[in-house]
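Reading through the structure tokens given below for one structure.
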Amino acid sequence: MSSVKNLKKDINYTLGDIISICQIATELNPEVKKAEADAIVDEVIVTFDDLISKVNAKNVENKKAHYKSVSAELESRANALIEKVNSL
1 MSSVKNLKKD
11 INYTLGDIIS
21 ICQIATELNP
31 EVKKAEADAI
41 VDEVIVTFDD
51 LISKVNAKNV
61 ENKKAHYKSV
71 SAELESRANA
81 LIEKVNSL
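Anchor point for the sequence shown: position 17 equals 17 in UniProt numbering, and the numbering is continuous, going up by one each time.
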């Protein structure tokens, strides 16, 4: 990870895209239940808040390892959310 700024952008763009996909799915496909899509969006928002608070943590000893772990967590949680969106 080259910088904290880029990590924050990655979190924002990745999770923002998942929210957009949920909204598009509900608009284009009448079979998609809006309540299920809204639950996924709520989970995305909680994930965003959690990851940003981890990035902004000040009491970290090894910052490089910490940011790598946050980046890995972003990838795993985003993949899980995408699986949920695909199951809509």
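Where is the CB? At the ideal position from N, CA and C, for every residue including glycine. Treat the numbers as computed from the prediction; the structure is a model and nothing was measured.
Residue i versus residue j - alpha carbon distance
| i | j | result |
| --- | --- | --- |
| residue 41 | residue 35 | 10 Å |
| residue 38 | residue 52 | 21 Å |
| residue 21 | residue 79 | 13 Å |
| residue 32 | residue 87 | 10 Å |
| residue 82 | residue 62 | 30 Å |
| residue 30 | residue 48 | 28 Å |
| residue 4 | residue 84 | 28 Å |
Alpha helix (DSSP H) segment containing residue i, residue limits
| i | result |
| --- | --- |
| residue 41 | 34-55 |
| residue 12 | 4-28 |
8 Å Cβ cutoff met for residue i and residue j
| i | j | result |
| --- | --- | --- |
| residue 24 | residue 44 | no |
| residue 26 | residue 74 | no |
(message) Three or more C-beta pairs under 8 Å: does that hold for the region 3-13 against the region 48-59?
(response) yes
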